[in-house]
Every structure is written in C-alpha cells, then in structure tokens.
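*Asks:*
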Amino acid sequence: MVLARTPLHAARLEWPELPGVEARAFEAPLPDDMARALELLRLAPA
Numbered sequence: 000m001v002l003a004r005t006p007l008h009a010a011r012l013e014w015p016e017l018p019g020v021e022a023r024a025f026e027a028p029l030p031d032d033m034a035r036a037l038e039l040l041r042l043a044p045a
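Note that the sequence shown covers residues 0 to 45 in numbering that gives the first Met the number 0.
(1) Sorted by chain position, which residues of the same chain lie with C-beta nearer than 7 Å to Glu16's C-beta, five sequence neighbours on each side aside?
(2) Could you give the DSSP three-state label for Arg23: helix, strand or coil?
(3) When DSSP labels each residue in this structure, what does Arg4 get in the three-state scheme?
(4) Is it true that the CB of Ala36 sits closer than 8 Å to the CB of Leu2?
Set out below in structure tokens:
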C-alpha cells in the first residue's frame, strides 16, 4: 500500500474579492506521505 488514506490535497486555495469580503489565499505544503508516494511513482518502471 502506498498511501493509507485518500490522497486529497490542495496546494493553494484562493477566492477573489467580493462585496464585503476581501480576497484571500491559503497555501499548504505537500504532506510527507504524499511526497513519498509521488517519489515511489516516479521511480516505478513504466
């Protein structure tokens, strides 16, 4: 098993300025388990 969870991740979320609401943006690094899974996939034979 490569991942023990559903691989759901958003690196960046943002929304534009709306009436009465300022524009916002949030960023999150790739979780360690997902980074390892991607590395395994890159190393796997095609």
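Note that CB positions come from ideal geometry on N, CA and C, so glycine has one too.
Predicted model, so just to flag it, every value in this text is computed and none were measured.
*Replies:* To lay it out plainly:
(1) So the list reads Ala22, once near-sequence residues are dropped.
(2) When secondary structure is reduced to three states using DSSP, Arg23 falls in the strand class.
(3) Arg4: coil per DSSP, three-state reduction.
(4) Yes, these two residues count as a Cβ contact at 8 Å.
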